[in-house]
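Worksheet: one structure, shown below.
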């Protein structure tokens, strides 16, 4: 499934586990999803536009078929190169993997949710025309909700690398946990040079002081 490595942060006195995983690509001939092979990378191409989209799809079964169909319509029409989804259940993931536009245009970070730390998790969809250097899962060690960062490194051209991650930070009254998780995200992005994009559900409101406090932790980042 992948290779594990452990990083020890002496400041936070935590261990974070990093798992290198395979992307999945739909095989039209075999009519099934298969792990992407390392030599399947496409050459870098010039992009006039580069779009990322993120949604928390809400794990609830309430109006799920209607919400899922609307979500797929939005994602399909977005023509995004990268899509980050949170609160994806195994059932919703299987539904997503059966969509024609997903099979035709995207790699999936998982197809069955086997690497979810909980009964739901985060998922990346990546345009199959992109050159992906690697993709990793990073655990948040003290999370009681199975929260993780999924992080992909993409080569846009010979001179430009972009690292894109999606995350679902700890919910409820857990500001300190969210702060630690945000610090882990920043440290992971800082492992190599290039441009960074972090998207997802951060679980703090735009009109709350926590939004200001947490953003101040991300020096030199731009909130879009």
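Numbering (this note's numbering), first residue to last: 54 to 277. The C-beta atom is built at its ideal place from N, Cα and C for all residues, glycine as well.
Does the beta-carbon of residue i have 16 or more other beta-carbons within 10 angstroms, so that it is buried, or is it exposed?
i, result
"residue 216", "buried"
"residue 172", "exposed"
"residue 174", "buried"
"residue 149", "buried"
"residue 274", "exposed"
"residue 162", "buried"
"residue 116", "exposed"
"residue 100", "exposed"
"residue 344", "The structure shown does not extend to residue 344, since the chain is modelled only from 54 through 277, so no value can be given for it."
"residue 180", "buried"
"residue 59", "Per-residue confidence for residue 59 stands at a pLDDT of 44, beneath the threshold of 50, marking its modelled position as unreliable; the derived number appears in the next sentence. Classification for residue 59: exposed."
"residue 61", "Confidence at residue 61 is low in this model, with a pLDDT of 42, below 50, so its placement is unreliable and the value that follows should be read with caution. Residue 61 should be labelled exposed."
Near residue i, which residues of its chain fall below 8 Å by C-beta distance, leaving aside the five closest residues on each side in sequence?
i, result
"residue 250", "105, 135, 215, 216, 217 and 218"
"residue 246", "214"
Candidates the options: which alpha carbon is nearest residue i's?
i, options, result
"residue 205", "187, 212 and 147", "187"
"residue 229", "132, 88, 266 and 167", "266"
"residue 222", "147, 192, 99 and 126", "192"
"residue 138", "270, 252 and 271", "252"
"residue 97", "190, 184 and 272", "184"
"residue 156", "141, 82, 277 and 276", "82"
"residue 255", "245, 247, 226 and 240", "226"
"residue 167", "143, 177, 178 and 153", "143"
"residue 70", "194, 141, 199 and 231", "194"
"residue 200", "179, 211 and 231", "231"
"residue 198", "180, 178, 170 and 177", "170"
"residue 177", "141, 111, 272 and 262", "141"
"residue 80", "248, 151 and 210", "151"
"residue 76", "261, 129 and 160", "160"
"residue 212", "272, 239, 107 and 248", "248"
Identify, in the order they occur along the chain, each residue of the same chain with its Cβ nearer than 6 Å to the Cβ of residue i, setting aside the five sequence neighbours on each side.
i, result
"residue 63", "At residue 63, the pLDDT of 45 sits below 50, so the modelled position is not reliable; the number obtained from the coordinates is stated separately. Result list for residue 63: empty, nothing under 6 Å."
"residue 112", "140, 142 and 173"
Does the distance from the CB of residue i to the CB of residue j come in under 8 Å?
i, j, result
"residue 270", "residue 235", "yes"
"residue 202", "residue 237", "yes"
"residue 102", "residue 89", "no"
"residue 147", "residue 165", "yes"
In angstroms with no decimal places, state the Cα-to-Cα distance between residue i and residue j.
i, j, result
"residue 95", "residue 158", "13 Å"
"residue 207", "residue 73", "15 Å"
"residue 122", "residue 242", "33 Å"
"residue 124", "residue 153", "14 Å"
"residue 56", "residue 132", "For residue 56, the predicted structure reports a pLDDT of 48, less than 50, and the residue's modelled location is therefore unreliable. The matter cannot be settled from this model."
"residue 209", "residue 93", "16 Å"
"residue 109", "residue 91", "30 Å"
"residue 224", "residue 257", "9 Å"
"residue 87", "residue 261", "44 Å"
"residue 84", "residue 130", "24 Å"
Tell me which same chain residues have a C-beta within less than 7 Å of the C-beta of residue i, skipping the five on either side of it?
i, result
"residue 268", "276"
"residue 128", "106 and 136"
"residue 220", "175, 202, 238, 251 and 253"
Given the structure, does residue i come close to the ligand NAP, in the sense that its CB is under 7 Å from one of the ligand's heavy atoms?
i, result
"residue 250", "This structure simply doesn't include the ligand NAP, nor any ligand for that matter."
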